[in-house]
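> Can you read through this structure? Questions will come right after.
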Amino acid sequence: MTTVSDIFANLCELAPLELQCDFDNAGFLLGRAEREVKRVLLSLDITEEVISEAEEMGAELIVSHHPLIFTPLRSLTDKGSGKKALKMAESGIAAICMHTNLDIAKGGVNDVLLSLMGAEELDVLDEDGCGRVGELKEEISFNDFLVLCKDALHAKGLRYYNAGRPVKKLAVMGGSGADAIETAFNKGCDTYLTADIKYHQFQTAQDLGINLIDGDHFYTENPIIPVLAERLSKAFPDVEFTVSKRHHALIDFA
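All letters in the sequence shown, in the order written, are residues 335 to 588 by the working numbering.
See the structure below:
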């Protein structure tokens, strides 16, 4: 019999909770630790649609990247910020959320992202161990790299600044990593892929002369979800692990 606690322990082997940043709230956030698990739904986020999907498939657990509970809940009603947690509790669905610890961990979000770009890891990007620096086997044009990036992420579009440099040494950080543009430049990178980039941060890239790509928060982090599903399926063959078919990027392109 596989329990919620068993699955949580396996995920902690990959991404120990002590790796998470001080502001974070990763971990086993809802449910009964010793409840038997036969079906698990995996999703980048726990949305109301994802909870309904879990209910319909009879899942006892949702595993996500972004925490279900991030700030302290002041109430647990069907009208407030705790309504998703209430719905899951009433349905007997547990929640395990591996966030910045999974960003930092070896084999986590950023290693998967770098691998998708076809780069070999050289270093971590920032002092917290988040982000990765890597190198392509061969130098390619920035336009060709944009095509590679869009296809690998299954993104509908990219925002970018073209500094006129070919791509060889690059940095990546899934999710909101725009504050590390100068760090990427100082590590000798010609290109930086991340998400949630603001206007003035594109100007910083222009000033530095570094290619900058905004691959969208969802698309730069979501590749870890099928990787987790594969890992857990091998570890727990008696459990059905399903990647959400309803969760998708919030931002669309006309």
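Each residue gets a CB set at the ideal place from its N, CA and C atoms; glycine is no exception.
#1: Considering only C-alpha positions, which residue in the set T337, T336 and G543 is nearest to G498?
#2: What residue does the beta strand (DSSP E) around V374 start on, and which one ends it?
#3: Going by DSSP, what residue range makes up the alpha helix (DSSP H) through K568?
#4: Please go through the same chain and pick out, in chain order, the residues whose beta-carbon is closer than 6 Å to the beta-carbon of T434, but skip the five residues on each side of it.
#5: Taking the DSSP output, what are the residues bridged to F362?
#6: Would you mind sorting G522 into buried or exposed? The rule is 16 or more other CB atoms within 10 Å of its CB.
#7: Could you give the DSSP three-state label for G380: helix, strand or coil?
#8: Looking only at its own chain, which residues have a Cβ that is under 6 Å from the Cβ of L410, when we skip the five neighbours before and after it?
#9: Hey, quick one: how far does the beta strand (DSSP E) through N545 stretch, first residue to last?
#10: Taking the alpha carbon of L375 as the point to measure from, which residue in E390, L480 and G491 has its own alpha carbon closest?
#11: Is it buried or exposed for Y533, if we count other Cβ within 10 angstroms and need 16 for buried?
#12: Taking the beta carbon of S475 as the centre, do at least 16 other beta carbons fall within 10 Å, making it buried, or is it exposed?
#13: List, from N- to C-terminal side, the beta strand (DSSP E) runs of 3 residues or more that fit wholly inside the segment 503-528.
#14: On the DSSP bridge assignment, give the partners of I341 in chain order.
#15: Could you have a look at L480 and say whether DSSP puts it in helix, strand or coil?
#16: Over what stretch of residues does the alpha helix (DSSP H) that includes A539 continue unbroken?
#17: With DSSP run on the structure shown, which of helix, strand or coil describes A588?
#18: Inspect the CB distances between the segment 475-491 and the segment 426-446 and report whether three or more fall short of 8 Å.
#19: Measure from the C-beta of D457 to each C-beta in chain B and report whether the shortest distance is under 9 Å.
#20: How would you call P571, buried or exposed, if buried means at least 16 neighbouring beta carbons within 10 angstroms?
#21: When you compare the CB positions of V561 and L504, do they come within less than 9 Å of one another, or not?
#22: For a test of the three-state rule: what should DSSP assign to I438, helix, strand or coil?
#23: Mind the definition here: the segment 552-566 touches the segment 445-454 only if three or more C-beta pairs lie below 8 Å; say whether that holds.
#24: Assuming L402 contacts I380 under a Cβ cut-off of 8 Å, what Cβ separation, rounded to an integer in Å, is found between them?
#25: In or out: S585 buried (at least 16 other Cβ within 10 Å) or exposed?
#26: Alpha carbon to alpha carbon, how far is F587 from A489? Give it in angstroms, no decimals.
Looking at the coordinates:
#1: G543
#2: R373 to S377
#3: I558 to A569
#4: Excluding its 5 nearest sequence neighbours in each direction, T434 has C-beta neighbours in its own chain below 6 Å: Q354, C355 and D358, listed in chain order.
#5: In the DSSP assignment, the residues bridged to F362 are I430.
#6: Exposed is the label assigned to G522, since fewer than 16 other Cβ atoms lie within 10 Å of its Cβ.
#7: Contrary to the premise, residue 380 reads as Ile rather than Gly in this sequence. Coil, per DSSP.
#8: G416 and L420
#9: According to the DSSP assignment, N545 belongs to the beta strand (DSSP E) that extends over N545 to D548.
#10: E390
#11: exposed
#12: exposed
#13: none
#14: Bridge partners of I341: none, in fact.
#15: helix
#16: Y533 to L542
#17: coil
#18: no
#19: The chain labelled as chain B is not found in the depicted structure, where only one protein chain is given.
#20: exposed
#21: At a Cβ-Cβ threshold of 9 Å, V561 and L504 do not count as neighbours.
#22: helix
#23: Counting Cβ pairs under 8 Å, three or more are found: they touch.
#24: 5 Å
#25: The displayed chain sequence assigns Ile, not Ser, to residue 585. Exposed, by the Cβ-count rule.
#26: Inter-residue distance for A489 and F587 is about 10 Å (C-alpha atoms, whole angstroms).
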